[in-house]
Structure formats: structure tokens, C-alpha cells
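Chemist: Chains as they are written, first to last, in our numbering: chain A, 701 to 813; chain B, 476 to 588.
Even for Gly, the Cβ is constructed at its ideal location relative to N, Cα and C.
Predicted model only: the values in this text are computed from it and were never measured.
One structure is given below, represented as C-alpha cells, and several questions about it will come after.
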């Protein structure tokens, strides 16, 4: 069975500090991977997607970057956090692109102070 | 402009009753519509999804109806249970693209015992 793991579970960081969030998918080969951001009490907004190792496309510019160093790993990062980066970050996977079911991980809660 | 709109914003029903959530969309090229259920502090879970070639899909107590002409869909939950209390998101996508899901703002459901 496929599993999706996100780390860390939660982070409290200072404005201007760097950030790295991770996501690992086990049990699926060459999945499409996605990063979403959700403000507290808000909706989900797709940030990045990747269909293969080393290839990442940006959907929304939020002073964040993403990388896919391995088939089963997706990393979200920034060198300088802003207050507006606070929220819930979710990684998701699917077997293909449009029209394919997307399955979400447990999320990482980020608080920027 | 919100491409996917949900109503109501919040809803309270009695245990055993039927819950009806509605969703409308703008882009007529959307053809895949998933519903997600999210509990506080957790990632969204795929509840049920429908393609635009169908007008109804059922899974246990959950049924989604699709009206292509009116660009509307709905989620019906029969025999609503307190454990169904959560936020429900409608989303839309186009098959053949890279998996960009557009989410509505969500409906928060409270089922009272």
C-alpha cells in the first residue's frame, strides 16, 4: 500500500529564516507530486507540481521553491520566510495528471513569527 | 474571481438527516470533480469524484450529482453522523493537463446528535 509522509509535523520559524519541508511517497513508482498551501480556515492553493525527477513547475509565485531530487521525494523551501508563509503545507500525489485522483499527506503546520 | 464556488459556507444538520452541499464552476472545460473531506489538523481525504460524462456517482452514504448544462454539482450525505462533521471541499480539474486542481472555499458541516 502507498504511504505519504511529510516532515516536520510542525515548525515555528522567525521571519527571514530559511525553511525546508519534505514529502516522501512510498509504494508508488513515478507519481505526479504536488505542493499545496492552505491558510488557516481557508481553501487549498496548488503551489508546485512535478511529473518526474528533476522537473518542477511553479503554479503560484509565493517566494518559495520546490525540488524533486528523487522519484519519491518532494522538497519545498525558501531562503527567507515571510509572515505570509504561515499556514498548512500539504503534499499530494497522483498516478497521472488531469483527471487523476490526488491523495494528500498529513501536512506540515508552519507558523512564522 | 472564484472559479469554483461552494454553498453554504457552513451548515448544521441533525444526526440521521440528509446533508446537501452544492458547488458551481465557471470554466466549461473542467471535466473532473472530486470532493474532499478535511478534519481539523489533517490533510484532506478524497471522498468521491465524478467525471463530466456521468450525472451521478454513489459510494455508500455519499452521492454526488453533476449537471453539465447548469455547471453545478452537489454532494448528498444520507443518514448524517456526528463523525461526518468536517469541512468539505469541492474541486475541479481538466483531464489531460498536469493535475491542477481548483478548490472551492469549502463548507463546514456540523452534525448534531
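#1: Which residues in chain A have a C-beta closer than 8 Å to the C-beta of residue 529/B? List them in chain order.
#2: Can you find a C-beta in chain B that's less than 8 Å from the C-beta of residue 789/A?
#3: Mind pulling the chain B residues with CB within less than 8 Å of residue 805/A?
#4: Just curious, the beta strand (DSSP E) that residue 504/B is in, first and last residue?
#5: My parser needs the beta strand (DSSP E) runs of 3 or more residues fully inside the segment 512-572 of chain B; what are they?
#6: Taking Cβ positions, are residue 508/B and residue 561/B nearer each other than 8 Å?
#7: What residues from chain A crowd round residue 508/B, counting only those whose CB sits closer than 9 Å?
#8: Under 8 Å, with one C-beta from each stretch per pair, do the segment 513-533 of chain B and the segment 491-501 of chain B reach the 3-pair mark?
#9: Hey, residue 757/A and residue 573/B are a contact pair by Cβ (cut 8 Å); roughly how many whole angstroms apart?
#10: So for residue 747/A, helix, strand or coil by DSSP?
#11: Could you name the residues of chain A that residue 578/B contacts, counting a contact when the two beta carbons are closer than 8 Å?
#12: Report the three-state DSSP secondary structure of residue 813/A (helix, strand or coil).
#13: Looking only at its chain, what residues have a beta carbon closer than 6 Å to the beta carbon of residue 750/A, apart from the 5 residues adjacent to it on each side?
#14: I need the straight-line Cα distance from residue 779/A to residue 752/A, nearest angstrom please.
#15: Between which two residues does the beta strand (DSSP E) containing residue 583/B stretch?
#16: By DSSP's criteria, residue 730/A is part of a beta bridge. Which residues make up the other side?
#17: Alpha carbon to alpha carbon, how far is residue 558/B from residue 587/B? Give it in angstroms, no decimals.
#18: Step through the CB atoms of chain B and report whether any lies within less than 8 Å of the CB of residue 759/A.
#19: Go ahead and pull the three-state DSSP assignment for residue 783/A.
Modeler: Judging by the given coordinates:
#1: Taking the second chain and counting its residues from 1, one reaches residue 529/B at position 54. In chain order: nothing, as chain A lies at least about 13 Å away.
#2: In the first chain, the residue the question calls residue 789/A occupies position 89. Under the Cβ distance rule, residue 789/A does not count among the residues neighbouring chain B, no pair being separated by less than 8 Å.
#3: Numbered from 1 along the first chain, position 105 holds the residue referred to as residue 805/A. Those are 518, listed as they occur along chain B.
#4: One-based indexing of the second chain puts residue 504/B at position 29. Where residue 504/B is concerned, there is no enclosing beta strand (DSSP E), given that its DSSP letter is neither H nor E.
#5: Listed in chain order, they are 520-526, 531-534, 537-542, 547-552 and 561-567.
#6: Numbered from 1 along the second chain, position 33 holds the residue referred to as residue 508/B. Numbered from 1 along the second chain, position 86 holds the residue referred to as residue 561/B. At a Cβ-Cβ threshold of 8 Å, residue 508/B and residue 561/B do not count as neighbours.
#7: To locate residue 508/B, count along the second chain from 1; it is residue 33. By Cβ distance, chain A contributes nothing, its closest Cβ being about 10 Å from residue 508/B, past 9 Å.
#8: No, the segment 513-533 of chain B does not touch the segment 491-501 of chain B.
#9: Working through the first chain from its first residue, we reach residue 757/A at position 57. Working through the second chain from its first residue, we reach residue 573/B at position 98. Correct: roughly 7 Å between the Cβ atoms.
#10: Position 47 of the first chain, counted from the start, is the residue given in the question as residue 747/A. Strand at residue 747/A.
#11: Indexing the second chain from 1 puts residue 578/B at position 103. The answer, in chain order, is 743, 744 and 745.
#12: Counted from its first residue, the first chain places residue 813/A at position 113. Coil, per DSSP.
#13: Within the first chain, residue 750/A is the residue found at index 50, counting from 1. Excluding residues within five positions, the ones whose Cβ falls inside 6 Å are 733, 756 and 768.
#14: Counted from its first residue, the first chain places residue 779/A at position 79. Counted from its first residue, the first chain places residue 752/A at position 52. Residue 779/A and residue 752/A have their C-alpha atoms spaced approximately 24 Å apart.
#15: By one-based count along the second chain, residue 583/B stands at place 108. That run of the beta strand (DSSP E) goes 582-587.
#16: Along the first chain, one-based indexing puts residue 730/A at 30. The bridge partners DSSP lists for residue 730/A come to none.
#17: To locate residue 587/B, count along the second chain from 1; it is residue 112. To locate residue 558/B, count along the second chain from 1; it is residue 83. In a straight line, the C-alpha of residue 587/B is about 10 Å away from that of residue 558/B.
#18: For the purposes of this step, residue 759/A is identified with residue 59 of the first chain, where counting begins at 1. Closer than 8 Å to some Cβ of chain B, the Cβ of residue 759/A qualifies, so yes.
#19: Numbered from its first residue, the first chain carries residue 783/A at position 83. Helix, per DSSP.
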